[in-house]
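There are 2 protein chains.
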Amino acid sequence: MGKSTNVVWHETHVGRSDREARRGHKGATIWFTGLSGSGKSTIANEVDRRLYEQGRFSYVLDGDNVRHGMNGDLGFSPEDRTENIRRIGEVAKLFVDAGALVLTAFISPYREDRDRVRNIADQPGDFIEVFVDCPLDVCEERDPKGLYKKARSGEIPNFTGISAPYEAPEQAEITVNTAEMSVEQTVDTIIEYLRNGGYLESSSTQD
Amino acid sequence: MGKSTNVVWHETHVGRSDREARRGHKGATIWFTGLSGSGKSTIANEVDRRLYEQGRFSYVLDGDNVRHGMNGDLGFSPEDRTENIRRIGEVAKLFVDAGALVLTAFISPYREDRDRVRNIADQPGDFIEVFVDCPLDVCEERDPKGLYKKARSGEIPNFTGISAPYEAPEQAEITVNTAEMSVEQTVDTIIEYLRNGGYLESSSTQD
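Protein chains in written order, with the numbering used here: chain A, -7 to 199; chain B, -7 to 199.
See the structure below:
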């Protein structure tokens, strides 16, 4: 006992591969991008539920749990949008390190911001970009939160698709058109991508 | 098919209680605070390993994975330290919502900053403050990263305990004195607290 015990501060870490092997699947960020009303959050939550039912470790980051908390200090200027996405990318990376399939549902309108998140990934395949493609007029017709109406009246400035740009992905891993596909079809498409890509097996099983 | 499918965007969420019931234990933030060299990170990683071996879902947030990533834009001024702790508290809250026992290992020198994290918790008992108590001279003698030497020479400004204040907790849930206890004893103390507090059973089991 005493001070001598403090000399041996041997650090051991439970690593990502330990956690993935224990869980039986890989971690990755499944990054949804698309206009407001395109269905990002709905699809992300349905994929989350499907993975949960399979006993996987998944989690959704979206406006509800991020914009009011961690990023509550940020607005919607281009600089704040970029910082918003940067932080979300870093948090997603922590969840991936913890072995999660983390689903992020944010408009994330700038290609450069999304590519930056892609590039901080630890391993190839850690970042799966899902383009939730839906024509503006369909999104505006849905307008689930009445935001397009407010954007058109000028009550909300810098609104993506109306008064701020949206840069569609050029090489998304997955594209789903929610004007033509049902929610179930989009979820099936994403789960199939994960299965075919080996995400739903642990790396130790694959070796 | 077609646009009609988009009308029914029924949102379902897998909730925290679902995840806790599935895992068989509760989520909580175990917040370590103390001087540099007091042993926060070592203890947090050992508790993490112990929980991992028990099949629990735990994860460590510390300087290694947070300071260079999410909070890489922040320095060590009082304002930046406050923002550092605020963001870490919000990220820990996300992990708790995902059902994790998340261990945070940061000096977190200001009482007000730690209390703010305590106060954003969703449920009573979500925040467990662990004071890693160790006299400054012992920490300075250990000086595992050579930081005290640099702080004394003035090479590192605003160094907690030397040129910046440390405000010890007044009502920490757990206090461990690492000048007198071995790492194993401190880990035992924390695991026992979790067991006695019902954290290692799921809420559904308790009802």
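The C-beta atom is built at its ideal place from N, Cα and C for all residues, glycine as well.
As the crow flies, the alpha-carbon of residue 136 (chain B) is around 16 Å from that of residue 154 (chain B).
Within chain B, the residues 6, 10, 11, 14 have their CB atoms less than 8 Å from the CB of residue 44 (chain A), given in chain order.
If you draw a straight line from the Cα of residue 186 (chain B) to the Cα of residue 111 (chain B), it comes to about 20 Å. Residues of chain B whose Cβ lies closer than 7 Å to the Cβ of residue 102 (chain A) do not exist; the shortest such Cβ separation is about 18 Å. Three or more pairs of CB atoms, one per stretch, sit closer than 8 Å, so the stretch 93 to 109 of chain A contacts the stretch 62 to 77 of chain A. Neighbours of residue 79 (chain B) in chain A, taken as residues whose beta carbon is under 7 Å from its own, are 62 in chain order. The C-alpha of residue 14 (chain B) lies about 11 Å from the C-alpha of residue 7 (chain B). Rounded to the nearest whole angstrom, the CA to CA distance from residue 177 (chain A) to residue 55 (chain A) is 24 Å.
Distance from the CA atom of residue 109 (chain B) to the CA atom of residue 65 (chain A), rounded to whole angstroms, is 16 Å. Nearest neighbour of residue 27 (chain A) by Cα position, chosen from A:67, A:179, A:180, A:170, turns out to be A:170. In the DSSP assignment, residue 75 (chain B) falls within the alpha helix (DSSP H) that extends over 70 to 89. When the Cα atoms are used, residue 94 (chain A) and residue 162 (chain B) turn out to be separated by approximately 37 Å. For residue 51 (chain B), the closest Cβ of chain A is nearer than 8 Å. A residue is called buried when at least 16 other Cβ atoms come within 10 angstroms of its Cβ; residue 50 (chain A) meets this threshold and is buried.
Using a CB distance cut-off of 8 Å, residue 36 (chain A) does not count as an interface residue toward chain B. DSSP lists B:22 as the bridge partner or partners of residue 120 (chain B). C-alpha of residue 32 (chain A) to C-alpha of residue 24 (chain A): approximately 6 Å in a straight line.
Put simply, the backbone Cα of residue 116 (chain A) is about 35 Å away from that of residue 119 (chain B). Within the stretch 134 to 173 of chain B, complete beta strand (DSSP E) segments of at least 3 residues are found at 166 to 169, given in chain order. When only Cα atoms are considered, residue 189 (chain B) and residue 11 (chain B) end up about 19 Å apart. Taken atom to atom, the span from the alpha-carbon of residue 122 (chain A) to that of residue 131 (chain B) is near 48 Å. Note that the stretch 82 to 96 of chain A does not touch the stretch 145 to 154 of chain A; fewer than 3 beta-carbon pairs, one per stretch, sit closer than 8 Å.
Cβ neighbours of residue 143 (chain B) within its own chain (closer than 6 Å, five residues either side excluded): 151, 154. For residue 162 (chain B), no chain A residue has a C-beta closer than 9 Å to its own C-beta; the minimum C-beta separation is roughly 25 Å. With respect to residue 167 (chain A), residue 96 (chain A) sits apart: the two C-beta atoms are not nearer than 8 Å. By the CB criterion at 8 Å, residue 86 (chain A) and residue 57 (chain B) fall inside the cutoff. Close CB contacts of residue 88 (chain A) within its chain, under the 7 Å cut and outside five residues either way in sequence, are with 19, 20, 21, 94, 118 (chain order).
Non-local beta-carbon contacts of residue 148 (chain A) in its own chain, meaning distances under 7 Å to residues more than five positions away in sequence, involve 139, 142 in chain order.
The beta carbon of residue 192 (chain A) does not come within 8 Å of any beta carbon belonging to chain B, so the residue lies off that interface. Counting only the Cα atoms, residue 17 (chain B) lies some 5 Å from residue 192 (chain B).
Residue pairing for residue 97 (chain A): DSSP places it in a beta bridge opposite A:24, A:54. With a cutoff of 8 Å on beta-carbon distance, residue 183 (chain A) and residue 124 (chain A) are scored as not near each other. The DSSP-derived three-state label of residue 114 (chain A) is coil.
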